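Q: Note that the sequence shown covers residues -21 to -1, 1 to 550 in mature numbering (1 follows the signal peptide of the UniProt record, and there is no 0).
The beta carbon of each residue, even a glycine, is placed where N, CA and C say it ideally should be.
Keep in mind the model is a prediction, meaning the values are calculated, not measured.
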Amino acid sequence: MKMRFLLLLFLAGTFAAGTSAAEAEPALPPENERVVVVANADDPESLDVAAHYMRARGVPAENLVALPMPRAETVSWAEFSEKVFSPLRRELTRRGLIDGFVPEGVPADAFGRAPLAFPQDFDPENARNAEKISYVVLCRGVPLRIANDASKLPPLPPKTSPDAPARKRGPLEVNCASVDSEIALVGVPDTEANGVVVNPHYKGNLEKPAAGRKLFLRVARLDGVTAADARALVDNAIAAEKSGLLGRAYVDIGGPHKQGDRWLEECAEKTRALGFDTSVERSRALMGAAARYDAPALYFGWYSGNVGGFFLDPNFRFPPGAAAIHIHSFSATSMRSKTAWTPALVARGVTATVGNVYEPYLGMTHLPHYFLEALAAGETAGAAAAYAIPVLSWQGVFVGDPLYRPFAKPLAAQMSDALRAPTRFSQYAFLRAANLAENEGDPAKARRILRNAEMFAPGLALNFLLAQKEVAEKGACSRRVSVRVPELENPGLMFEAARLLAKSGRADDALKIYSDLLDRNLVPAAARVKVLREACDFARSRGNAAELAVWYPELERLTAPKAKKEGAGKK
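1) Can you tell me which residues form a DSSP beta bridge with Ile304?
2) Compute the distance between the beta-carbons of Phe59 and Pro133, then report whether it is under 9 Å.
3) Assuming Ile112 contacts Arg13 under a Cβ cut-off of 8 Å, what Cβ separation, rounded to an integer in Å, is found between them?
4) Based on Cα-Cα distance, which residue from Pro401, Ile368, Ala216, Gly471 lies nearest to Gly342?
5) Would you mind giving the Cβ-Cβ distance between Asp256 and Asn442, rounded to the nearest angstrom? I have them listed as a contact below 8 Å.
6) In angstroms with no decimal places, state the Cα-to-Cα distance between Glu358 and Ser372.
7) Under 7 Å Cβ to Cβ from Ala247, same chain only, skipping five residues before and after it: list those, please.
8) Provide the residue(s) that pair with Ile232 in DSSP beta bridges, ordered along the chain.
9) Under the rule that 16 or more other beta-carbon atoms within 10 Å means buried, what is Gly75, buried or exposed?
10) Going by DSSP, which residues form a beta bridge with Ile125?
11) Going straight from the alpha carbon of Thr250 to that of Pro275, what length do you get?
12) Leaving out five residues on either side along the sequence, give the residues of the same chain with a beta carbon under 7 Å from the beta carbon of residue 552.
13) Can you grab the Cα-Cα spacing for the pair Gln393 / Leu467, in whole Å?
14) Should the stretch 279 to 289 be called in touch with the stretch 483 to 497, which here means at least 3 C-beta pairs below 8 Å?
15) The alpha helix (DSSP H) that contains Glu220, what's its start and end?
16) What separation, rounded to the nearest whole angstrom, lies between the Cα atoms of Pro532 and Pro540?
17) List in chain order: all unbroken alpha helix (DSSP H) runs of 4+ residues lying wholly within the stretch 326 to 361.
18) What would DSSP say about Glu260, mapped onto helix, strand or coil?
19) On the three-state DSSP scale, how would you describe Lys448?
20) Reducing DSSP to helix, strand and coil, say where Arg478 ends up.
21) Which residue's Cα is closest to the Cα of Val85: Asp78, Leu95, Gly79, Ile77?
22) Between Arg519 and Leu439, what straight-line distance do the alpha-carbon atoms span, to the nearest angstrom?
23) Which first and last residues belong to the beta strand (DSSP E) in which Leu398 is found?
24) Would you call the CB atoms of Asn215 and Val329 closer than 9 Å?
25) Alpha carbon to alpha carbon, how far is Ala252 from Phe409? Give it in angstroms, no decimals.
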């Protein structure tokens, strides 16, 4: 911000000294007017998703590129080059949206891709691809991934001796890739499809010289299990930009490699620094169904093959604008899957996420702490995704509206909105402001903020935090913690509240919450045994015979040796 201010002062001085406006660099059109939307002309749902996005974001009609393509998610290199890559390259050069031209009479490369040529005096440093195209948005129905073609790999060297072991291919000796990652190279000539291409937009490469950096494009995908899921990515982004990102953060550490754990520890540090209430899980188990999971505005975790833990609650939904990453090698092998992480998160209302279509290896996937770092700095989700992945021509996809800015609305404006028209998420704006005050070493300010929140944005999350603070200071809780409409509350948060109240002198409140959870069937099936066991122990200690008579037989039935036990997935 300081640098931007100094730049404005410099420019003001320059113009005041007599520089004409005509000599200044022309301003670029807004990003939405520079989005290119790609749809499958043979898929009505693909065209519908494209139209929905273009209407919502004001993308000019002429920015649509609809091409007849295969409707399969996985295509061969021949299909990809002939039906997707080459037609798109020709169309973008014809429209002048990327530099260069497709020369007539020049054969395609070994992968079937139409060549790209430039005038003799062309300097890649003066390329304008990234200025003319802010993002390429691929709509549901555009193929997702390209199958490996071993016939296009270089031959293995011969054995040095008859007894020598046959050489095996290394992990990078493949040409399978996400369609999205290859489309990022549509304006770059002569790229190698075997292995990876360095991403010049990646954080670690921004300060390094990169010939042709301005030729590379940033690519996003609007996709999901259903076309409605894909459209919801757009609607949630726009809704969240009006309200600002509201909720809590959840970080699920405890994976198979220290490097990934370090990334996620950095995510937790960053979410706390941003003021978000943050829950952290460090065991090898996923965050369980009995855990608190109210308003997950930010989620970063690993490492499970299929969606699990609290995400299996059929009532689970992300709040508008949520950004989430679950690191897994095959999280986006199909966007039609109901169990793979990327489509499953989209189906549950996430607004921005990433995934891998084939094995990427950990160091070449999206780095979650870089993704969060860019979002927190005010970048769009599309820019953050590009900033977070080291390589292209590889396995990564970003799913979401690339124009979405989670932190575009200041926290003060979110709190003002809560004073005028509070919603069930408004309490989280005050919680975040109070946490920021605590971070700044001003607990008195934090208390004032929370007192105001009680008046203007009451809610169970706020009430629970105040009860926690009182118990921490006094060892007991004098405030009443009640649940107004249990069906609208998060059962994990209710369970945590009941536990706290049971231990801090509010036994009647605790019993009421346990009763609401169990008697109204609010507890997810995977968590019911755990809640029943604790509720029975509490009722027994209190002599609540009526409740015990109902709950204990169910507990015995569910824990009988032949009963199938459900639980959080293991990593």
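A: Well, looking at it:
1) In the sequence shown, the residue the question calls residue 304 occupies position 325. Phe279, per the DSSP bridge assignment.
2) Sequence index remark: in the sequence shown, residue 59 carries index 80 (1-based). Sequence index remark: in the sequence shown, residue 133 carries index 154 (1-based). No, Cβ-Cβ distance for Phe59 and Pro133 is not below 9 Å.
3) Taking the first residue of the sequence shown as 1, we reach residue 112 at position 133. Taking the first residue of the sequence shown as 1, we reach residue 13 at position 34. That pair is a contact at about 6 Å.
4) As a working note, residue 342 is residue 363 in the sequence shown. It is Ile368 whose Cα lies nearest to the Cα of Gly342.
5) Here residue 256 refers to the residue found at position 277 when the sequence shown is read from its first residue. Here residue 442 refers to the residue found at position 463 when the sequence shown is read from its first residue. Incorrect: roughly 13 Å between the Cβ atoms, too far for contact.
6) As a first step, residue 358 is located in the sequence shown; it is residue number 379 there, counting from the start. As a first step, residue 372 is located in the sequence shown; it is residue number 393 there, counting from the start. Roughly 24 Å between the two C-alpha positions.
7) Within the sequence shown, numbered from 1, the residue matching residue 247 stands at position 268. Taken in chain order, the residues that qualify are Val230, Thr257, Val259.
8) As a first step, residue 232 must be located in the sequence shown, where it is residue number 253. BP columns for Ile232 are empty, so no partner.
9) Within the sequence shown, numbered from 1, the residue matching residue 75 stands at position 96. With fewer than 16 other Cβ atoms within 10 Å, it is exposed.
10) Translated into positions along the sequence shown, residue 125 becomes position 146. Paired residues: Val54, Ala156.
11) Residue numbering aside, residue 250 sits at position 271 when the sequence shown is read from its first letter. Residue numbering aside, residue 275 sits at position 296 when the sequence shown is read from its first letter. Rounded to the nearest angstrom, the two C-alpha atoms are 12 Å apart.
12) Residue 552 is absent from the model: the chain starts at -21 and stops at 550.
13) Your numbering for residue 393 matches position 414 in the sequence shown. Your numbering for residue 467 matches position 488 in the sequence shown. Straight-line Cα distance between these residues: approximately 22 Å.
14) no
15) As a first step, residue 220 is located in the sequence shown; it is residue number 241 there, counting from the start. Its alpha helix (DSSP H) spans residues 206 to 222.
16) Translated into positions along the sequence shown, residue 532 becomes position 553. Translated into positions along the sequence shown, residue 540 becomes position 561. Roughly 14 Å separates the two Cα atoms.
17) 347 to 355
18) Position 281 of the sequence shown, counting from 1, holds the residue named residue 260. Residue state, collapsed to three classes: strand.
19) Position 469 of the sequence shown, counted from the first residue, corresponds to residue 448. Residue state, collapsed to three classes: helix.
20) Translated into the one-based positions of the sequence shown, residue 478 becomes position 499. In the structure shown, Arg478 sits in a helix (DSSP, three-state: H, G or I).
21) Locating residue 85 in the sequence shown gives position 106, where the first residue counts as 1. Checked all of Asp78, Leu95, Gly79, Ile77; the closest Cα to Val85 is Leu95.
22) For the purposes of this step, residue 519 is taken as residue 540 along the sequence shown, with counting starting at 1. For the purposes of this step, residue 439 is taken as residue 460 along the sequence shown, with counting starting at 1. Going from the Cα of Arg519 to the Cα of Leu439 covers about 26 Å.
23) Indexing the sequence shown from 1 puts residue 398 at position 419. Not the beta strand (DSSP E): Leu398 falls in the alpha helix (DSSP H), residues 390 to 399.
24) Taking the sequence shown and counting its residues from 1, the one referred to as residue 215 is at position 236. Taking the sequence shown and counting its residues from 1, the one referred to as residue 329 is at position 350. In this structure, Val329 lies closer than 9 Å to Asn215 by Cβ.
25) Locating residue 409 in the sequence shown gives position 430, where the first residue counts as 1. Locating residue 252 in the sequence shown gives position 273, where the first residue counts as 1. Taking the straight line from one Cα to the other gives about 15 Å.
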